[in-house]
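Asker: I have a structure here, written as structure tokens, and I will follow up with some questions on it.
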């Protein structure tokens, strides 16, 4: 087939849930317009000739959750065009796609708990001056030499940003040492303007680095000395460190 679902001239609410879409010549799901009530959930898409999920500029506040997309030949598994603000992209598994995992060109409402692995690139954020927040995602094994991503000149194998700011702490980058090459570690790469600390030191994001040291409760004895003992070897490639001690009430 040429495409899977084409939601053209759509202005109401709709739920597209639990479908299997494969072997298309075009996009798997294409939302051209939306009244802000479109939910794309728990769909499985593979062997897609175009983009897995394409969200056009007029489709705002779309929820994309629980989908698995693999072997999409287009620009990315999920593409959110400029103008399609307010998208929620959570709990998706985007893997082994020829292009990227996700190309986000508009401010998102949330981008959490996604697996983005073994794609041409990981996440590309192209909304000029926008602030993005990405947390508890697994971003690893993406190709740092993807030609699709290299067109923008700022793409590493994990995150790409233009002149905005990304709050990308609490993500797993495929290495205990964290992301690189702007970051300190051997994991998937990030570019400038990406806040990556603290990062997850395992895929489940149950532990983080660098280590945060919390003082004991001294409510019953405000003059009790701080008895914490810790050993810290620092962050790879770090040259100087600051230990900050302060009152949590300040």
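Residue numbers (the numbering used here): 11 to 260.
Yeah, the Cβ is synthetic: ideal placement off N, Cα and C, and Gly gets one too.
Cβ of residue 73 within 8 Å of Cβ of residue 98?
Answerer: As a working note, residue 73 is residue 63 in the chain shown. As a working note, residue 98 is residue 88 in the chain shown. Yes, these two residues count as a Cβ contact at 8 Å.
Asker: Across which residues does DSSP place residue 43 in a beta bridge pair?
Answerer: Your numbering for residue 43 matches position 33 in the chain shown. Partner(s): 68.
Asker: Quick one: residues in its chain with C-beta nearer than 6 Å to the C-beta of residue 163, no 5 flanking neighbours on either side, listed in chain order?
Answerer: Translated into positions along the chain shown, residue 163 becomes position 153. Bear in mind that the predicted position of residue 163 carries a pLDDT of just 34, short of 50, making it too unreliable to give a figure here.
Asker: Comparing C-alpha positions only, which one of 209, 106, 94, 208 sits nearest to residue 126?
Answerer: Position 116 of the chain shown, counted from the first residue, corresponds to residue 126. Checking every option, the nearest Cα to that of residue 126 belongs to 106.
Asker: Excluding the 5 residues preceding and the 5 following residue 180 in the sequence, name in chain order all residues of the same chain whose CB lies nearer than 8 Å to its CB.
Answerer: Walking along the chain shown from the start, residue 180 turns up at place 170. For residue 180, where only same-chain residues beyond five positions count, the Cβ hits under 8 Å are 145, 146, 208, 209, 210, 215, 218.
Asker: How is the beta strand (DSSP E) around residue 56 delimited, first residue to last?
Answerer: Here residue 56 is taken as the residue at index 46 of the chain shown, counted from 1. Element bounds for residue 56: 54 to 58.
Asker: Consult DSSP for residue 34 and reduce its assignment to one of helix, strand or coil.
Answerer: Numbered from its first residue, the chain shown carries residue 34 at position 24. In this structure, residue 34 counts as strand in the three-state DSSP scheme.
Asker: What are the boundary residues of the beta strand (DSSP E) that includes residue 130?
Answerer: Counting from one through the chain shown, the residue named residue 130 turns up at place 120. Where residue 130 is concerned, there is no enclosing beta strand (DSSP E), given that its DSSP letter is neither H nor E.
Asker: As a quick exercise: from 87, 19, 49, pick the residue whose alpha carbon is nearest that of residue 61.
Answerer: Walking along the chain shown from the start, residue 61 turns up at place 51. Closest by alpha carbon: 87.
Asker: What's the C-alpha gap between residue 81 and residue 205?
Answerer: In the chain shown, the residue the question calls residue 81 occupies position 71. In the chain shown, the residue the question calls residue 205 occupies position 195. Their backbone Cα atoms lie some 30 Å apart in a straight line.
Asker: Under 6 Å Cβ to Cβ from residue 23, same chain only, skipping five residues before and after it: list those, please.
Answerer: Mapped onto the chain shown, residue 23 falls at position 13. Counting only Cβ-Cβ distances below 6 Å, and skipping sequence neighbours, we find 47.
Asker: Excluding sequence positions up to five away, which residues of its chain have a Cβ less than 6 Å from the Cβ of residue 83?
Answerer: For the purposes of this step, residue 83 is identified with residue 73 of the chain shown, where counting begins at 1. These residues qualify, in order along the chain: 59, 108.
Asker: Mapping the DSSP letters down to three states, classify residue 183 as helix, strand or coil.
Answerer: As a working mapping, residue 183 is identified with position 173 in the chain shown. Residue 183: coil per DSSP, three-state reduction.
Asker: Under a three-way DSSP split, which group does residue 104 fall into?
Answerer: Your numbering for residue 104 matches position 94 in the chain shown. Strand, per DSSP.
Asker: So what does DSSP say about residue 204, is it helix, strand or coil?
Answerer: Within the chain shown, the letter at position 194 stands for residue 204. Strand at residue 204.
Asker: Residue 138: buried (16+ other C-beta within 10 angstroms of its C-beta) or exposed?
Answerer: Taking the chain shown and counting its residues from 1, the one referred to as residue 138 is at position 128. So residue 138 counts as exposed.
Asker: I need the DSSP call for residue 26, collapsed to helix, strand or coil.
Answerer: The residue you call residue 26 lines up with position 16 of the chain shown. Here residue 26 sits in strand by DSSP.
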